[in-house]
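Undergrad:
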Amino acid sequence: MTTKQNEIDVTVTLETSWKRALNAARRTDGKEPIDKEPSDAWKAASLLSEHSQIKLVEYLISFRNLRQWVGVHFIRHEHVLPFIHSQRGDRRELPCKRDDLPQGEPNDQDFVVNAQTLINMSRKRLCRRASKETRDAWEEVRKKVGEIDPVMADKMVPNCVYSGFCREKDTCGYAQTKEFNMAVEEYRYKKYE
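In terms of my numbering, the numbers along the sequence shown are unbroken and rise by one, the last being 204.
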């Protein structure tokens with residue numbers, strides 16, 4: 012997305028390498044650390060099994076012009092470390108009194124998360140029953156993750172794809188489509204080198 016007054020701009024940085032997760036997993040098997048990145052197949056298996064080593068792979072998500080209330084949706088998740096541009100008048104110029112700022116006021120916000128948190132957040136924020144603005148922002152995150160870590164992005168799916176069925180009381184109908192069945196198949200069985 013191009014940055015304009017009310018459009019968000021997202022950047023994602025891989026803060027820790029997958030090698031860190033590989034060596035943690037090797038430790039649990041009684042093996043010595045090695046100096047190499049794991050294969051994409053190993054990453055995919057680790058993400059699907061959600062073993063603890065994936066918590067060592069960390070990402071920095073930076074938003075510019077994110078609506079304040081959309082950011083609130085993100086910080087509700089466990090294991091999100093937020094850094095949100097202060098709305099204090101002594102720290103920045105505000106368009107009005109702080110108490111009068113609308114929830115939709117754009118703000119710059121950073122979030123540090125790990126791979127497990129990306130999975131958990133995606134389950135809720137990519138659901139078609141989630142707020143459109145929040146879903147769009149998180150879809151942009153997924154896209155940016157895909158540019159630096161395609162395997163991680165492949166495993167960032169809505170809850171219905173993750174579970175194989177819709178858990179919502181008021182379903183959107185996606186789980187009854189051919190597209191959904193293909194998405195579940197891709198999520199579970201995509202082959203990596």
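Built from N, CA and C at the ideal position, the CB exists for glycine as well.
For F122, list the residues DSSP reports as bridge partners.
TA: Your numbering for residue 122 matches position 111 in the sequence shown. F122 is bridged to I72, P93.
Undergrad: In the DSSP output, which residue or residues are listed as bridge partners for L77?
TA: Stepping through the sequence shown from its first residue, residue 77 is reached at position 66. For L77, which the question treats as bridged, DSSP gives the partners N118.
Undergrad: For the beta strand (DSSP E) containing L25, name the first residue and the last one.
TA: Taking the sequence shown and counting its residues from 1, one reaches residue 25 at position 14. Element bounds for L25: 20 to 25.
Undergrad: Tell me the DSSP secondary structure of M163 in three-state form.
TA: Sequence index remark: in the sequence shown, residue 163 carries index 152 (1-based). It is helical.
Undergrad: What residues in its chain sit with their C-beta under 6 Å from that of H96, if we drop five residues either side in the sequence?
TA: Taking the first residue of the sequence shown as position 1, residue 96 is located at position 85. So the list reads N118, D119, once near-sequence residues are dropped.
Undergrad: Spatial neighbours of R4 within its chain, please: C-beta separation below 6 Å, excluding the five flanking residues on both sides.
TA: Lying outside 12 to 204, the shown extent of the chain, residue 4 is not represented and no answer is given.
Undergrad: Can you have a look at T145 and say buried or exposed, based on whether 16 or more other CB atoms are within 10 angstroms of its CB?
TA: Taking the sequence shown and counting its residues from 1, one reaches residue 145 at position 134. The residue is buried, with at least 16 neighbouring Cβ atoms inside 10 Å.
Undergrad: Does the beta-carbon of Y203 have 16 or more other beta-carbons within 10 angstroms, so that it is buried, or is it exposed?
TA: Indexing the sequence shown from 1 puts residue 203 at position 192. Exposed, because fewer than 16 other Cβ atoms sit within 10 Å of the Cβ of Y203.
Undergrad: Look at the alpha carbon of K201 and the alpha carbon of L105, and state the distance between them as a whole number of angstroms.
TA: On the sequence shown, residue 201 is found 190 positions in, with the first residue counted as 1. On the sequence shown, residue 105 is found 94 positions in, with the first residue counted as 1. Those two C-alpha atoms are separated by around 48 Å.
Undergrad: Quick check: what's the CA-CA separation for K32 versus S174?
TA: Numbered from its first residue, the sequence shown carries residue 32 at position 21. Numbered from its first residue, the sequence shown carries residue 174 at position 163. Going by the sequence as given, residue 32 is Ala instead of Lys. Each residue's Cα considered, the two are about 25 Å apart.
Undergrad: Can the beta-carbon of Y185 be found closer than 7 Å to that of R139?
TA: Sequence index remark: in the sequence shown, residue 185 carries index 174 (1-based). Sequence index remark: in the sequence shown, residue 139 carries index 128 (1-based). The answer is yes: Cβ separation under 7 Å.
Undergrad: Do I65 and Q127 have their beta-carbon atoms positioned less than 7 Å apart in this structure?
TA: Translated into positions along the sequence shown, residue 127 becomes position 116. Translated into positions along the sequence shown, residue 65 becomes position 54. Yes; because the gap between Cβ atoms is below 7 Å, this pair is in contact.
Undergrad: From V83 to T27, what distance separates their C-alpha atoms?
TA: Sequence index remark: in the sequence shown, residue 83 carries index 72 (1-based). Sequence index remark: in the sequence shown, residue 27 carries index 16 (1-based). Roughly 25 Å between the two C-alpha positions.
Undergrad: When the distance is taken between beta carbons, is V162 closer than 7 Å to K42?
TA: The residue given as residue 42 occupies position 31 in the sequence shown. The residue given as residue 162 occupies position 151 in the sequence shown. For K42 and V162, no; Cβs fall outside 7 Å.
Undergrad: If we ignore side chains and look at the alpha-carbon of each, how far apart do P44 and V68 end up?
TA: For the purposes of this step, residue 44 is taken as the residue at position 33 of the sequence shown. For the purposes of this step, residue 68 is taken as the residue at position 57 of the sequence shown. Distance between the alpha carbons of P44 and V68 is about 16 Å.
Undergrad: Could you say which of R102, W29, N76 lies nearest to A52 if we only look at CA atoms?
TA: For the purposes of this step, residue 52 is taken as residue 41 along the sequence shown, with counting starting at 1. The residue with the shortest Cα to Cα distance from A52 is W29.
Undergrad: When the Cα atoms are used, what is the spatial distance from R110 to A35?
TA: One-based indexing of the sequence shown puts residue 110 at position 99. One-based indexing of the sequence shown puts residue 35 at position 24. Checking the displayed sequence, the identity of residue 110 turns out to be Asp instead of Arg. If I take the Cα positions, the gap works out to 47 Å.
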